[in-house]
Every structure is written in C-alpha cells, then in structure tokens.
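Numbering (the UniProt record's numbering), first residue to last: 1 to 595.
Here it is as structure tokens:
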C-alpha cells in the first residue's frame, strides 16, 4: 500500500474541515477566525497564565468576544479612544452630502391634437451645472500671489457651488472670495440677481417726492433688481458643507452709512453693529454693503477682454412704445449683463502675458458707486399737467428766493465710464520729497519774505492735526510737481518668469488689501478674487465721524401788543398803520386817563 494516496486523502479531509469551520454566520464571524485569534492570544500574550492553569481558558475566550465587532474582527487600534473631536466628525459627515447626486427631473407634457386623443410625453431632464471658473483651477494662480485656499477646501467649494447653482438655477456664478472674521469666516459667491418664487422686478420709475420746503433733503430711492448695486446677488456660508444664505438687496442709505464706519466682521449674520456713527442694521447688511463696494472697486479685467453688450432691436422698439401713452405703466424688467466676453480675445498662439504687466492694460469692469450710494442716476420724473403747473409755481418761488438770497449750488458728481484704466487710480496719500537746494544766492529781502511766509504758514498749521497733507481729489496735485508724488492704487508683478508659456501677471490692490487679479496661459485665463477682512485701507489712523454740533437754544419770546381793529382795517385797505407813539406821548395819555 503506497503512502501517496493517504497523504492526498488527508489533505482533502483537512481542506473539507477547514472549509466547514470557515462558514460564517450572519454577523460575519466564523469558528476558524475565533480559533486563530485564540491561538495567537495564547502563544503571544498568554493572559491569566492559561498555559499553566487550563481552567481559566473560558476567561480568555470571553475576553476575545467582548473585544470583537459585531461584523468583522477587532484590532488594537479600534479599541483605542478616537482622537478626532466630535465637531470634526460631524463636519466630515456633512461633507458626504456634497457628493449626493440629485435625481433627474421628469418633465411631462400633455397634448391633445383632437378632442378624442390625448398624448402624454414624459422626458427625463438631468440636472446640469452652469459653467463657471473652477476654484481648484484658479487656486493655482492665487497661490502665486500669496492667497488662496487648501486643495481640500477648493475641491469642496467646487462641489458646494455646483450644488447651489443647480438647486437655485443660477447664472453668471463666480467665486467672489473669502471674508475673514473674528469668530468665523465667510465664503462668498456672486451670481445673477436671484428671484424668489413669485417675485417680479419692474423697471425703475422716479417715485421720490418733492421736498416739503427748500433745503430739505429727500432720501434717494434704492435701485431695483438687475440694476446698479442690486444687479448681482451674493451668497455666503461659513463652510462649504453648510447652507448658503442669500444676502438682501442694499439701499443707498445703507451704503452711505457703511462708508462712515470701520468694523471687523464676527461671522454671525445676525450680530448687531455697534459703531460711531451708529449703523442701524445688522452684520448681514453691513457685509452686503462692503461686498458691493469691493466689487465696484476691485473687479478689473485685461484691456480688450470685455465689452458692453449691444441692445437688441426688440428692446429698442419696446422703449419707443413706452414713450407713448403706456409710459406710466409698470413694465417688468429683464436682466441685461453689464459686460460680456469678447469673442476671439487672446486667441493667438504663443501670446506673451507680459504685455499686461502695465497698469494702463487693465480696466475697471464694474460700475462706480457715487457719493449718493447708487451706481446709476435716478430717472427723470414723469409729470401730469397738474403736476407741471405746480412745478412751474415752485420754480417761480425758487427763482424769487434765489434773487433774494444768493445760494451756492453744489457741483454734481461727474459720471464715470465703466472701462476706465486703473492707472488713473491713486491713493490719497502723498509723499513729500525734499526740495533740491537752490544754486543762485538770493537777496536778503527775499529771504526775509520767505521767513515771514514760513512763520505765517506755521501759525496757520498750529490748529491742524499732525498729518501729512492729502488732496481732496487726485487732480488736486499736478503731475509735474517734483515735491509731491502720487501713490498708485495698484501694483503689478510678473511671477514664474522662467518661461514665456508659464508666466503669470498679478495685479494687487492697495486700496482694498486682499484683492488680486491675474492673467495667465497666454491671456486665456484671467480672473479676480478677494481674501481679506472686508475693510478699505485708510491713509492715516482711522478717526470716526465727529458728533453733530450742539443745537443752540431758542431765542427769547418777544412780546408785542395786539393790533386794534382800526389798525387791522388800515392794513386791509393797503394803508400803512400809524407808527408807535413816543414814550412822552404814552406817558401823557396814561396821565390823562388817571385824571
């Protein structure tokens, strides 16, 4: 009898026995796994001295069962306490929702070609994300300027912004930037003006009332949706996985009030703004004001990249019709983009981006906010015949008042065009450079005159603050003045200058620290972003607005005698009343009455 068949039979029996012991139950646990773990525990650790006392074998087996998962095998690392804080675990759980795919939308249409036939058609319409510049791609260029987010944040922001755009069906989506706060930060996304369900936007009509009396200010009416500072909507969130919140529209009064204060953000939209002068609204409104100001001052584009869209012929015809009898009817407004990308821009191959390394090659691509808090002018008021007559009477009264009193009319603010080069922007700070010594000797009389002028100037400056001079406007300083130098509001830098193909031009704002623009890839990629605390740079230490002057006390009451009936008759006839009697005549009349 050979030994080979016996060995084969033993291997087959061992395989069958092993397969039988490896059958797992519903929890995924098998007898074979338990035996392996038991033998490893006995041979490696020998707890409780089981090798010398087999009666304690049951204690070891119970210990293994207690340290096992319901499904699978426990490891020493799994038994250790978790080092990740609960807040981080909840955040990671929230991030999973960013990867959930929404089910497609079913669109059903019912048609009835004849009274006896009904055709129902159902189409499956998958959700599609609107095109926008990816945060992960642009983050590479932001890093060259020293800004940006981590790769994980960029990836999560792309998922979150895509979900928001698909859910709200947004257009012109752009990652605006990040606002740093004391307790929390804001991620900001701008989009085309979002309309709530059932909301309608009408074209602007002048509804400002006339002032009750002369020199009385009337509040400027806010701009409607699709126009000016309310042309865009801003969405903010504290984390990519959190819910995006829509900021409300802004009014001119809120913008004017926001310009007067400087306050750091807290990260809470409902927080109160405690400042001087007081700001009546909460942090959500203040954030909306600052975002409008930042967008107006820092959204720039390479020269020739954008252009103003042309008006359609249908819109021009509608405008002509509205000038007729239906001019006073409210007309629903349509969104019209402020700018559009020029087709064929930077289409040439091997284009060097170094040509945009000059300030005159960049232009503003957003409207300017004027002193009244609007980007557009208030339309002219439509008047009826009765209102025209009243207006004529008011004009006559105003002309008479102007003849009596000479009033100084305020100069209207000049209108600024949209594509203004940024090389015309200057900081108000002025650097005084020392004058060169004069070569020619001067007479003693001229020296005495200069000394007296210097003394007079010193006396005049005694009451002023210790501040360097700053002009009211940029034009107040001539360009050919060698003693004063204007400071540009932008800086340009070329990075990654090793090869022509990989150069990147960066433009940073000094007026709004944290705003940066870039152009790369031969001009095919460009954009703007803001990473900062949302505050504008001031030349000197910020001082709040002074309190208004104390009102003077009212004048004393002057007593006067009531007119007699005879005096009233004379006044009605147009005759002059008799003059007041002298003191002697009054005393004589009083003496006669006493007698």
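Backbone N, C-alpha and C define an ideal beta-carbon position, used for all residues, glycine too.
Whose C-alpha, out of the options, is nearest the C-alpha of residue i?
| i | options | result |
| --- | --- | --- |
| residue 380 | 177, 203, 172 and 186 | 203 |
| residue 110 | 121, 13, 256 and 262 | 121 |
| residue 270 | 247, 253, 292 and 276 | 247 |
| residue 340 | 360, 303 and 13 | 303 |
| residue 142 | 278, 66 and 505 | 505 |
| residue 533 | 272, 265, 550 and 30 | 265 |
| residue 531 | 514, 538 and 7 | 514 |
| residue 62 | 84, 87, 44 and 35 | 35 |
| residue 228 | 146, 335 and 151 | 335 |
| residue 288 | 561, 306, 311 and 231 | 231 |
| residue 547 | 8, 118, 260 and 150 | 260 |
| residue 309 | 86, 115, 337 and 575 | 337 |
| residue 601 | 283, 293, 519 and 114 | A query on residue 601 cannot be resolved here, the shown segment of the chain reaching from 1 to 595 and no further. |
| residue 192 | 152, 130 and 146 | 130 |
Going by the CB atoms, is the gap between residue j and residue i shorter than 8 Å?
| i | j | result |
| --- | --- | --- |
| residue 181 | residue 267 | yes |
| residue 255 | residue 418 | no |
| residue 422 | residue 364 | yes |
| residue 333 | residue 250 | no |
| residue 158 | residue 128 | no |
| residue 176 | residue 160 | no |
| residue 545 | residue 219 | no |
| residue 172 | residue 375 | no |
| residue 535 | residue 262 | yes |
| residue 563 | residue 373 | no |
| residue 184 | residue 238 | yes |
| residue 38 | residue 6 | no |
| residue 274 | residue 281 | no |
| residue 132 | residue 174 | yes |
Can you find the residues in the same chain that come closer than 6 Å, C-beta to C-beta, to residue i, ignoring five residues on each side of it along the sequence?
| i | result |
| --- | --- |
| residue 366 | 295, 296 and 299 |
| residue 123 | 107 |
| residue 517 | 300, 507 and 528 |
| residue 211 | 218 |
| residue 331 | 203 |
| residue 558 | none |
| residue 524 | 346 |
| residue 567 | 577 |
| residue 560 | none |
| residue 458 | Legend: pLDDT at residue 458 = 48, less than 50; position of this residue unreliable, value from coordinates given subsequently. Hits under 6 Å: none found. |
| residue 491 | 508 |
| residue 164 | 244 |
Give every residue of the same chain whose Cβ lies closer than 7 Å to the Cβ of residue i, excluding the five residues on either side of it in the sequence, and list them in chain order.
| i | result |
| --- | --- |
| residue 32 | 18, 21 and 22 |
| residue 465 | Only weak support is given to the placement of residue 465: the predicted model assigns it a pLDDT of 40, under 50, and the question is left unresolved by the model. |
| residue 154 | 135, 136 and 139 |
| residue 360 | 421 and 423 |
| residue 493 | 506 |
| residue 221 | 207, 208 and 378 |
| residue 462 | The predicted position of residue 462 is uncertain, since its pLDDT is 42 and thus under 50; no value can be drawn from it. |
Identify, in the order they occur along the chain, each residue of the same chain with its Cβ nearer than 8 Å to the Cβ of residue i, setting aside the five sequence neighbours on each side.
| i | result |
| --- | --- |
| residue 104 | 124, 125, 126 and 127 |
| residue 12 | none |
| residue 522 | 346, 348, 349, 350, 351, 352, 353 and 501 |
| residue 410 | With a pLDDT of only 48 at residue 410, under the threshold of 50, the placement of this residue in the model should not be trusted, and no figure is reported. |
| residue 538 | 262 |
| residue 460 | In this prediction, residue 460 has a pLDDT of 46, which is less than 50 and means its spatial position is unreliable; what the coordinates show is noted afterwards. The answer is none, since no qualifying residue turns up. |
| residue 112 | 118 and 119 |
So residue i and residue j are supposed to be a Cβ contact under 8 Å. How far apart are they, rounded?
| i | j | result |
| --- | --- | --- |
| residue 425 | residue 371 | Incorrect: roughly 17 Å between the Cβ atoms, too far for contact. |
| residue 138 | residue 527 | 6 Å |
| residue 233 | residue 194 | 4 Å |
| residue 495 | residue 235 | With 8 Å as the limit, residue 495 and residue 235 do not qualify as a contact, their Cβ atoms being about 31 Å apart. |
| residue 279 | residue 257 | 6 Å |
| residue 206 | residue 487 | That belief does not hold up - the Cβ atoms of residue 206 and residue 487 are roughly 40 Å apart, past 8 Å. |
| residue 578 | residue 571 | Contact flag wrong, Cβ pair sits at about 11 Å. |
| residue 511 | residue 382 | Contact doesn't hold; Cβ gap of about 39 Å is too wide. |
| residue 156 | residue 98 | 6 Å |
Quiz item: Counting pairs of beta carbons, one from the segment 85-100 and one from the segment 237-249, are three or more of them closer than 8 Å?
Solution: Inter-segment contact for the segment 85-100 and the segment 237-249 is present: three or more beta-carbon pairs are separated by less than 8 Å.
Quiz item: Taking contact to mean at least 3 C-beta pairs separated by less than 8 Å, is the segment 154-170 in contact with the segment 344-351?
Solution: Because the criterion of three Cβ pairs below 8 Å is not met, the segment 154-170 and the segment 344-351 do not touch.
Quiz item: Between the segment 497-512 and the segment 351-359, do at least 3 Cβ pairs fall closer than 8 Å?
Solution: Below 8 Å, enough C-beta pairs join the segment 497-512 and the segment 351-359 to call them touching: three or more.
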